[in-house]
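Protein chains: 2
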Amino acid sequence: MNTAFKSQVRAMAASMGFPEAVYVTRPNLPPLDDVMNTLKPAWDRRWITNDGELHIRLETELAKRLGVPYLNLFCNGTVALLTALKVLNLEEGAVITTPFTFPATVSVLYWCGLRPVYCDIQPDGYNLDPAGIEALIGPDTKAILPVHVYGIPCDVAAIKDIADRHGLPVIYDAAHAFGVRLRGESVLVHGDLSMLSFHATKVFTTAEGGALATGNPELHQRARVLKNFGITGEESVVAPGLNGKMNEMQAALGLAQLDGLDANTEKRRRLDGIYRRLLQHEPGLALLDMPRDVDPNYAYFPVRVQEALFGLNRDTLYETLKAFNIQCRKYFYPLCSSHPWCSAKTGTLPRAEAAADEVLCLPMYGQLPEAWAEKIGTIIKSLGSLARI
Amino acid sequence: MNTAFKSQVRAMAASMGFPEAVYVTRPNLPPLDDVMNTLKPAWDRRWITNDGELHIRLETELAKRLGVPYLNLFCNGTVALLTALKVLNLEEGAVITTPFTFPATVSVLYWCGLRPVYCDIQPDGYNLDPAGIEALIGPDTKAILPVHVYGIPCDVAAIKDIADRHGLPVIYDAAHAFGVRLRGESVLVHGDLSMLSFHATKVFTTAEGGALATGNPELHQRARVLKNFGITGEESVVAPGLNGKMNEMQAALGLAQLDGLDANTEKRRRLDGIYRRLLQHEPGLALLDMPRDVDPNYAYFPVRVQEALFGLNRDTLYETLKAFNIQCRKYFYPLCSSHPWCSAKTGTLPRAEAAADEVLCLPMYGQLPEAWAEKIGTIIKSLGSLARI
Numbered sequence: 050m051n052t053a054f055k056s057q058v059r060a061m062a063a064s065m066g067f068p069e070a071v072y073v074t075r076p077n078l079p080p081l082d083d084v085m086n087t088l089k090p091a092w093d094r095r096w097i098t099n100d101g102e103l104h105i106r107l108e109t110e111l112a113k114r115l116g117v118p119y120l121n122l123f124c125n126g127t128v129a130l131l132t133a134l135k136v137l138n139l140e141e142g143a144v145i146t147t148p149f150t151f152p153a154t155v156s157v158l159y160w161c162g163l164r165p166v167y168c169d170i171q172p173d174g175y176n177l178d179p180a181g182i183e184a185l186i187g188p189d190t191k192a193i194l195p196v197h198v199y200g201i202p203c204d205v206a207a208i209k210d211i212a213d214r215h216g217l218p219v220i221y222d223a224a225h226a227f228g229v230r231l232r233g234e235s236v237l238v239h240g241d242l243s244m245l246s247f248h249a250t251k252v253f254t255t256a257e258g259g260a261l262a263t264g265n266p267e268l269h270q271r272a273r274v275l276k277n278f279g280i281t282g283e284e285s286v287v288a289p290g291l292n293g294k295m296n297e298m299q300a301a302l303g304l305a306q307l308d309g310l311d312a313n314t315e316k317r318r319r320l321d322g323i324y325r326r327l328l329q330h331e332p333g334l335a336l337l338d339m340p341r342d343v344d345p346n347y348a349y350f351p352v353r354v355q356e357a358l359f360g361l362n363r364d365t366l367y368e369t370l371k372a373f374n375i376q377c378r379k380y381f382y383p384l385c386s387s388h389p390w391c392s393a394k395t396g397t398l399p400r401a402e403a404a405a406d407e408v409l410c411l412p413m414y415g416q417l418p419e420a421w422a423e424k425i426g427t428i429i430k431s432l433g434s435l436a437r438i
Numbered sequence: 050m051n052t053a054f055k056s057q058v059r060a061m062a063a064s065m066g067f068p069e070a071v072y073v074t075r076p077n078l079p080p081l082d083d084v085m086n087t088l089k090p091a092w093d094r095r096w097i098t099n100d101g102e103l104h105i106r107l108e109t110e111l112a113k114r115l116g117v118p119y120l121n122l123f124c125n126g127t128v129a130l131l132t133a134l135k136v137l138n139l140e141e142g143a144v145i146t147t148p149f150t151f152p153a154t155v156s157v158l159y160w161c162g163l164r165p166v167y168c169d170i171q172p173d174g175y176n177l178d179p180a181g182i183e184a185l186i187g188p189d190t191k192a193i194l195p196v197h198v199y200g201i202p203c204d205v206a207a208i209k210d211i212a213d214r215h216g217l218p219v220i221y222d223a224a225h226a227f228g229v230r231l232r233g234e235s236v237l238v239h240g241d242l243s244m245l246s247f248h249a250t251k252v253f254t255t256a257e258g259g260a261l262a263t264g265n266p267e268l269h270q271r272a273r274v275l276k277n278f279g280i281t282g283e284e285s286v287v288a289p290g291l292n293g294k295m296n297e298m299q300a301a302l303g304l305a306q307l308d309g310l311d312a313n314t315e316k317r318r319r320l321d322g323i324y325r326r327l328l329q330h331e332p333g334l335a336l337l338d339m340p341r342d343v344d345p346n347y348a349y350f351p352v353r354v355q356e357a358l359f360g361l362n363r364d365t366l367y368e369t370l371k372a373f374n375i376q377c378r379k380y381f382y383p384l385c386s387s388h389p390w391c392s393a394k395t396g397t398l399p400r401a402e403a404a405a406d407e408v409l410c411l412p413m414y415g416q417l418p419e420a421w422a423e424k425i426g427t428i429i430k431s432l433g434s435l436a437r438i
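Chains as they are written, first to last, in our numbering: chain L, 50 to 438; chain U, 50 to 438.
Structure (structure tokens):
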């Protein structure tokens with residue numbers, strides 16, 4: 050950027066910048082007193098983990114709310130995903146997945162002796178492209194691991210069709226997809242298992258936390274056993290298990306949050322609307338398509354920055370917004386396939402590479418004041434105008 | 050047991066039985082208000098995981114209190130132990146360990162592509178016998194994984210000598226050994242890494258939780274990176290990592306508990322004394338030897354039951370005590386080596402097998418009323434007398 054632009058930005062930031070950091074997300078926390086009141090009975094019982102009453106209640110409530118037959122709570126989503134691989138007895142071989150995801154999706158493969166085979170993303174979206182899967186299936190392919198990126202459902206029908214024809218299990222990384230519905234039913238009913246994350250950055254949080262959802266009672270039962278050391282009775286341990294348990298403090302936070310979830314989604318919807326109104330006709334900015342058959346959760350607000358039209362590239366916009374105290378995130382840059390330890394040889398991934406270079410996620414959380422979203426959108430518009438002069 | 054004994058037990062239980070279950074342990078919980086007051090600043094900051102301020106404080110406080118140079122907190126002890134194996138790059142091959150332990154010690158080996166080679170326990174204790182290790186070392190031996198069973202330190206000098214001569218790393222499963230000192234220094238300074246558990250059943254608890262302690266700054270740093278997805282910077286992921294993070298709710302529980310820890314240990318010490326006074330001269334009962342150079346944590350009160358002298362075998366005593374509402378635990382029965390999925394071919398393990406058949410852990414936790422310990426000891430004595438008539 051030239052010197053004139055820089056000095057104009059400095060002047061703008063002095064007048065329009067936020068006095069303190071605006072984070073890309075903040076956890077949706079109920080009042081601490083509510084958490085405490087929920088936790089108190091567990092404290093009085095002195096039963097603070099190991100399938101406590103709050104844990105049981107949260108599992109039941111979430112399965113009902115999300116519309117899935119079976120749900121296992123976990124200490125975090127990564128351990129849930131690792132356990133899912135073990136539930137399906139996946140050891141050695143290749144798993145077809147997307148490079149456009151958080152590193153955990155791919156890391157857990159290595160922790161299981163598996164390796165990723167990367168499939169590019171859709172031409173018109175950010176999810177794994179079903180049209181690319183079949184060419185990647187080989188004799189040692191063990192499973193397909195797509196990600197519902199930004200909570201937008203994958204092409205589940207096409208993926209199921211391929212998986213069925215090749216006899217491959219499908220595990221969905223649904224870390225972003227809490228509460229998302231596709232054609233009126235939970236997105237979690239697709240695939241053999243779906244992993245949810247309840248990390249502090251997610252729309253529903255238990256500080257750390259996660260879950261495995263499934264429609265298959267046998268997989269559900271196996272997940273339950275594996276997350277508790279393989280124990281099935283006081284003197285019976287049937288498999289090498291892990292500790293994947295969620296404790297009662299996490300469960301209390303989850304329970305205390307349920308009543309406010311719909312209101313939180315509504316706030317996010319309004320913020321999403323504000324950003325869209327301001328940015329949708331901005332040259333060089335492409336917003337996330339919300340398919341008509343999806344009830345979204347408004348978890349993220351990704352913006353695709355095309356330098357030639359907008360006037361700034363994504364990285365410059367990201368850095369420039371920092372001068373306004375606006376902390377965006379480059380979800381997902383770098384691509385998983387670009388880390389040396391997980392650069393499986395799968396040729397080029399042009400669409401994923403472009404997305405990794407161009408996407409910026411704007412601040413999005415229920416407590417973000419609408420005026421702040423207005424201001425963030427306005428600042429971005431102004432920066433584009435300024436850059437295009 | 051004959052009918053007369055059974056009817057006498059019924060009569061005794063009717064008069065001496067506890068009105069409600071006496072568990073083998075209960076968590077040492079500070080008042081919930083203390084936890085809340087500790088947690089409040091994190092709530093106000095809306096920062097509830099990812100190296101929060103409480104997490105940092107707890108790591109610092111525990112390292113100081115325990116007397117170890119470096120400590121990493123984890124979501125639980127099992128994930129900590131799994132991470133320790135990855136910190137040392139252990140993949141494929143054999144690890145020499147003890148069958149007399151909780152299944153997690155051995156499970157994590159399988160989750161890393163390793164397999165256990167079992168070494169018998171000491172003739173005069175419950176820990177892995179150094180005299181048995183060397184014969185088990187083969188070309189694919191990768192490490193030694195001893196357990197400080199019941200918090201009694203292993204023969205760390207002998208193990209170090211063998212490990213050094215063979216160039217093998219040593220990971221201690223110190224799940225039971227919080228606060229234990231050997232010859233005036235922390236037992237955690239031995240080995241390359243030590244794993245602690247803060248599960249609700251342990252002397253210090255964060256509901257679920259654990260830690261890796263080490264004296265080696267490089268191993269410490271690698272553990273820190275691996276437990277956070279391998280992330281070293283906003284755009285740098287250097288290895289396949291996992292999520293092993295402890296959250297701020299767990300850290301708050303830990304912090305709120307620190308002031309009361311010494312008093313809790315003192316209560317345990319008194320209960321230990323009561324049991325010893327009552328049971329030490331009882332025929333057929335052998336109590337845990339407390340080595341003179343150890344400052345113990347009184348985490349467990351294991352009793353070894355020799356049927357020929359006591360009059361009842363361990364299993365009958367265990368079942369009979371249930372009639373009094375006394376819930377003991379057979380730590381560790383069955384042996385890990387007896388589960389079909391981890392029965393490595395290592396010949397017989399006569400001492401571990403005898404221990405697994407004969408040990409019973411009595412109720413032991415700070416809030417156990419001394420009168421209850423008196424009564425439990427008295428009931429056990431009476432049952433022995435009755436059985437020997």
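C-beta atoms are modelled at their ideal positions from N, C-alpha and C, and glycine is treated no differently.
Chain-ordered chain U contacts of residue i [CB-CB under 8 angstroms]
i: residue 88/L; result: 81
Cβ neighbours of residue i in the same chain (closer than 7 angstroms, five flanking residues each side left out)
i: residue 419/L; result: 319, 320 and 323
i: residue 234/U; result: 116
i: residue 405/U; result: 149, 381, 382, 383 and 384
i: residue 362/U; result: 354 and 356
i: residue 187/L; result: 143
i: residue 67/L; result: 373, 374 and 375
Interface partners of residue i on chain U, CB under 9 angstroms
i: residue 265/L; result: Those do not exist, as residue 265/L stays about 22 angstroms from chain U at its closest Cβ, beyond 9 angstroms.
Chain L contact residues for residue i, given Cβ-Cβ distances below 9 angstroms
i: residue 273/U; result: Chain L residues near residue 273/U: none, gap ~15 angstroms exceeds 9 angstroms.
i: residue 256/U; result: 97, 98, 296, 297, 298 and 299
Beta-carbon neighbours of residue i, restricted to chain L and to distances below 8 angstroms
i: residue 156/U; result: 278, 279, 289, 290 and 291
i: residue 128/U; result: 124, 128, 291 and 292
Inter-residue CB distance, residue i and residue j (contact presumed, cutoff 8 angstroms)
i: residue 87/L; j: residue 103/L; result: 7 angstroms
i: residue 407/U; j: residue 353/U; result: 5 angstroms
i: residue 350/U; j: residue 332/U; result: At roughly 18 angstroms, the Cβ-Cβ gap does not stay under 8 angstroms, so residue 350/U and residue 332/U are not in contact.
i: residue 175/L; j: residue 145/L; result: That pair is no contact at about 17 angstroms.
i: residue 156/L; j: residue 279/U; result: 6 angstroms
i: residue 289/U; j: residue 390/L; result: 6 angstroms
Neighbourhood of residue i by C-beta distance below 6 angstroms, restricted to the same chain and skipping five residues each side
i: residue 74/L; result: 250 and 414
i: residue 212/U; result: 193 and 219
i: residue 246/L; result: 126, 224 and 259
i: residue 76/U; result: 249 and 254
Neighbourhood of residue i by C-beta distance below 8 angstroms, restricted to the same chain and skipping five residues each side
i: residue 123/U; result: 129, 132, 258, 259, 260, 261, 276, 293, 294 and 295
i: residue 69/L; result: 374
i: residue 327/U; result: 423, 426, 427, 429 and 430
Residue i at chain B interface by Cβ criterion, 7 angstroms
i: residue 413/L; result: As a matter of chain content, chain B is missing from the structure shown, whose protein chains are L and U.
Contact set between residue i and chain L, taken where Cβ atoms lie within less than 7 angstroms
i: residue 92/U; result: 78 and 81
Contact set between residue i and chain U, taken where Cβ atoms lie within less than 7 angstroms
i: residue 339/L; result: What residue 339/L touches in chain U: nothing, since even the nearest Cβ is about 27 angstroms away.
Segments assigned alpha helix (DSSP H), at least 4 residues, entirely inside the stretch 87-128 of chain L:
102-115
Anything in the stretch 278-294 of chain U with a Cβ closer than 9 angstroms to a Cβ of chain L? List those residues in chain order, please.
278, 279, 280, 283, 284, 285, 286, 287, 288, 289, 290, 291, 292, 293 and 294
In chain order, which beta strand (DSSP E) runs of at least 3 residues are fully inside the stretch 303-355 of chain U?
334-336 and 350-354
Against chain L: residues of the stretch 370-402 of chain U by CB proximity under 9 angstroms
378, 379, 382, 383, 385, 388, 389, 390 and 391
Identify every run of the alpha helix (DSSP H) within the stretch 217-259 of chain U, keeping only runs that are complete inside it and at least 4 residues long; order them along the chain.
none
Any residues in the stretch 142-172 of chain L with a beta carbon nearer than 9 angstroms to a beta carbon of chain U? Which ones, in chain order?
151, 152, 153, 155, 156, 157, 158, 159, 160, 161 and 162
Which runs of the beta strand (DSSP E), 3 residues or longer, sit entirely within the stretch 146-174 of chain L?
163-167
What residues from the stretch 58-77 of chain U come within 7 angstroms of chain L, judged by C-beta to C-beta, listed N to C?
75 and 76
Note down, in chain order, all residues in the stretch 221-255 of chain U with a beta-carbon under 8 angstroms from any beta-carbon belonging to chain L.
For the stretch 221-255 of chain U, which is checked against every Cβ of chain L, the residues closer than 8 angstroms are 248, 249 and 254.
By the 7 angstroms beta-carbon criterion, what residues does the stretch 315-334 of chain L contribute toward chain U?
none
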